[in-house]
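K.L.:
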Amino acid sequence: MGGAMLEGWIQNGVAGPAGVVIDPGVGDRMAGLVREAGLLLNPEVGKVPAPRVIVLAVKPQMMDKVLADAVRMAGPGTLILSVAAGKTVAGFEAAFGASQPIIRAMPNTPAAIGRGMTVCYPNAAVSGDDRALATMLLRAVGEVAWVEDEGLMDAVTAVSGSGPAYVFHLVEAMTRGGIDAGLPEELAVKLARATVAGAGELMRRSGEDAGELRRNVTSPNGTTAAALDVLMGDHQGDPDAGPMAKLLSEAIAAATRRSRELAG
Ligand SMILES: NC(=O)C1=CN([C@@H]2O[C@H](COP(=O)(O)OP(=O)(O)OC[C@H]3O[C@@H](n4cnc5c(N)ncnc54)[C@H](O)[C@@H]3O)[C@@H](O)[C@H]2O)C=CC1
Ligand SMILES: O=C(O)[C@@H]1CCC=N1
């Protein structure tokens, strides 16, 4: 995820020569992008002056390991911006102190192309300038929303953080359906990818309610209605009640529970 955001920042010119990237496992492609953008890659931690912001983007299970270095690197005004699922503000305050400005954020991978969705929760030490800085960084890679209740972050993670995976799985499932209905695999893949991408773009540009867009495709007693009878049961008037909505609700509940567990 850190790589997706960094790519967006490099493309937008937000990450410049003053930036430092620390990733002992950095891949060749990312290392090339980082060097081309003039950022410093993997310097000795003790030699880096206190930065204005530290973005923490390691796996939740790795977080304790990197926190010692991050604490050493941070100055009193350094904003800590974590994107780790489950990791709570209280956990970061225990490491940095409660006077450190800390933001728990949940972005998603479309940030790599400037189309991310990030939700932020600030601790009490976050100033207006810190918020503006975080908003600027995250706006450079997509949309930003703020919540004042940290308890919402687990469900946020389950909907928008993990959400791109559900959409990619929809493409896989539609591809399978096309193959089963007799299409050659290559054509099934092309149709499923183009349909999900095109429908998403139509929804974004039109701003219409998803239900309205669905109804626009559905002719009475036509092909779409036949498919929706399977996905929505006889609940087409109630989009919350059908089999697909129930399955996704269960999936999102499972992701929400896992986010809570990751707090550790
Ligand atoms: N993948 C996603 O769609 C999203 C992930 N996240 C969060 O982002 C974090 C990273 O997850 P992914 O990007 O999926 O994992 P990843 O495995 O793709 O990336 C983790 C990166 O951390 C680096 N790393 C490992 N040890 C390190 C160390 N000691 N110091 C510095 N860097 C180190 C790895 O080389 C790798 O580049 C997690 O906390 C996850 O919850 C948040 C939103 C969405
Ligand atoms: O799967 C995960 O734990 C991370 C958080 C949101 C998306 N990926």
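Take any residue in the sequence shown, note its place counting from 1, add 542, and you have its number in this note's numbering. Don't be surprised by glycine CBs; every beta carbon is placed ideally from N, CA and C. This structure is a prediction, so every number in the text was calculated from the model and none was measured.
1) To the nearest whole angstrom, what separates the beta carbons of Val556 and Ala674, a pair I think is in contact under 8 angstroms?
2) Please determine whether the Cβ atom of Pro643 lies at a distance below 8 angstroms from any heavy atom of ligand 1.
3) Opposite Thr660 in the DSSP bridges: which residues?
4) Contact check, Ile645 vs Leu609 under 8 angstroms by CB: the rounded distance?
5) Taking the alpha carbon of Ile596 as the reference point, which residue from Ala579, Gln603, Gly580 and Arg614 has its own alpha carbon closest?
6) Any chance you could list the residues with Cβ under 5 angstroms from a heavy atom of ligand 2, keeping chain order?
7) On the CB-based measure, 16 or more other CB atoms within 10 Å of its CB, does Met659 come out buried or exposed?
8) Would Ile552 be called buried (16 or more neighbouring beta carbons within 10 Å of its own) or exposed?
9) My output table needs one value for Leu564: the three-state DSSP class, helix, strand or coil.
10) Using DSSP's beta-bridge definition, name the partner residues of Val595.
11) Which residue wins for smallest C-alpha separation from Ala667, given the options Gly693, Ala687 and Gly639?
12) From Gly724 to Met774, what distance separates their C-alpha atoms?
13) By alpha-carbon positions, which one of Ala560, Pro559 and Ala546 ends up nearest to Val568?
14) Would you call the CB atoms of Ala805 and Gly628 closer than 9 angstroms?
15) Comparing alpha-carbon positions, which option in Ser761, Leu789, His777 and Glu690 lies nearest Val631?
P.N.:
The short version:
1) Not really, about 14 angstroms apart at Cβ, beyond 8 angstroms.
2) no
3) Val686
4) About 16 angstroms; that fails the 8 angstroms criterion.
5) Arg614
6) Ala627, Gly703 and Ser704
7) buried
8) buried
9) Rather than Leu, the amino acid found at residue 564 in this sequence is Ile. In this structure, Ile564 counts as coil in the three-state DSSP scheme.
10) Leu621
11) Gly639
12) 24 angstroms
13) Ala546
14) yes
15) Glu690
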